[in-house]
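Asks: Sharing a structure, written as structure tokens. Questions coming.
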Amino acid sequence: MKLTNRSKVVSNKEMTFMEKLYLPAIVKGMGITLRHALEGSKGKVFAYPEVQKPRAKVWRGLHVLKRDEEGRERCTACGLCAVACPAEAITMTSAERTKDEKHLYREEKYASVYEINMLRCIFCGMCEEACPKSAIYLTDRLVDVESNRGSFVYGKDKLVEDVNNRIDITDRQSELQKKAVK
């Protein structure tokens, strides 16, 4: 019984003496190597960090927890991002805001602890798709280099955007997310 139409016919013909020596294949491979050495890099090599390799528009990098127009955190600790994460990299603890915290959080419930383990994260973008409040986005920024494993667990101190230094994510937003923010 055939499962696909992609089967190949394999021949078991005897190899010639030259084919057994593999000389034609070696000469062909050395020719390719010599051609690449003589032609140069042709824009394939970048002097990082002075010159950065151009990335695609849909490239996903460092996470950011967005704030609204008034500077309050958008995240309501619903947990949908943590449930949607296939790598189980997101953990959070919710808390209820007090009367004196109204200027910090939009809703009555907020994430008192929000952590992303960047070593587990696969940068799939499922968290930003699952968020009903458009609170989390993956930016075009690179994840910082760290020296120990513990510093790759990013908390709210690294994830929440600074009020005075907003991160523009309009290129990453879908039309549905742009409507949800307004």
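Position one of the sequence shown corresponds to residue 3 (this note's numbering), numbered consecutively onward. No residue lacks a Cβ here, since even glycine has one placed at the ideal position from N, Cα and C.
Ignoring anything shorter than 3 residues or poking outside the segment 8-76, list the beta strand (DSSP E) runs there in chain order.
Replies: Runs of the beta strand (DSSP E) inside the segment 8-76: 65-67.
Asks: Following the continuous alpha helix (DSSP H) through M94, name the residue where it begins and the one where it ends.
Replies: In the sequence shown, residue 94 corresponds to position 92, counting from 1. M94 -> not in any alpha helix (DSSP H); beta strand (DSSP E) instead, spanning 92-98.
Asks: List the endpoints of the continuous beta strand (DSSP E) containing E117.
Replies: Here residue 117 corresponds to residue number 115 of the sequence shown, with the count starting at 1. Where E117 is concerned, the enclosing beta strand (DSSP E) stretches over 111-119.
Asks: Helix, strand or coil: which one does DSSP assign to L140?
Replies: As a working note, residue 140 is residue 138 in the sequence shown. L140 falls in the strand class under three-state DSSP.
Asks: Out of R151, P26, C123, state which residue places its alpha-carbon closest to the alpha-carbon of H65.
Replies: Within the sequence shown, numbered from 1, the residue matching residue 65 stands at position 63. Of the candidates R151, P26, C123, the one whose C-alpha sits nearest the C-alpha of H65 is C123.
Asks: Look at the Cβ atom of M128, then the Cβ atom of A79, and state whether they are nearer than 8 Å.
Replies: If you number the sequence shown from 1, residue 128 lands on position 126. If you number the sequence shown from 1, residue 79 lands on position 77. Not closer than 8 Å, so no.
Asks: Would you mind sorting S43 into buried or exposed? The rule is 16 or more other CB atoms within 10 Å of its CB.
Replies: Sequence index remark: in the sequence shown, residue 43 carries index 41 (1-based). Flag for S43 reads exposed.
Asks: When the distance is taken between beta carbons, is A137 closer than 8 Å to R76?
Replies: Taking the first residue of the sequence shown as 1, we reach residue 76 at position 74. Taking the first residue of the sequence shown as 1, we reach residue 137 at position 135. Against a cut-off of 8 Å, the Cβ pair of A137 and R76 comes out as a contact.
Asks: M20: buried (16+ other C-beta within 10 angstroms of its C-beta) or exposed?
Replies: Mapped onto the sequence shown, residue 20 falls at position 18. When all chains shown are included, M20 counts as exposed.
Asks: Taking a contact to mean a Cβ-Cβ separation below 8 Å, would you say Y156 touches E117 in this structure?
Replies: Sequence index remark: in the sequence shown, residue 156 carries index 154 (1-based). Sequence index remark: in the sequence shown, residue 117 carries index 115 (1-based). Yes, the Cβ-Cβ distance between Y156 and E117 is below 8 Å.
Asks: Is the beta carbon of R74 less than 8 Å from the beta carbon of Y50?
Replies: For the purposes of this step, residue 74 is taken as residue 72 along the sequence shown, with counting starting at 1. For the purposes of this step, residue 50 is taken as residue 48 along the sequence shown, with counting starting at 1. The answer is no: Cβ separation not under 8 Å.
Asks: Which residues does DSSP list as the beta-bridge partners of V85?
Replies: Walking along the sequence shown from the start, residue 85 turns up at place 83. Answer by DSSP bridge pairing: none, since V85 is not bridged.
Asks: State buried or exposed for L23, treating a residue as buried only when at least 16 other CB atoms are found within 10 Å of its CB.
Replies: Taking the first residue of the sequence shown as 1, we reach residue 23 at position 21. Exposed, by the Cβ-count rule.
Asks: Are the Cβ atoms of G63 and R143 separated by less than 8 Å?
Replies: In the sequence shown, residue 63 corresponds to position 61, counting from 1. In the sequence shown, residue 143 corresponds to position 141, counting from 1. Cβ atoms of G63 and R143: closer than 8 Å.
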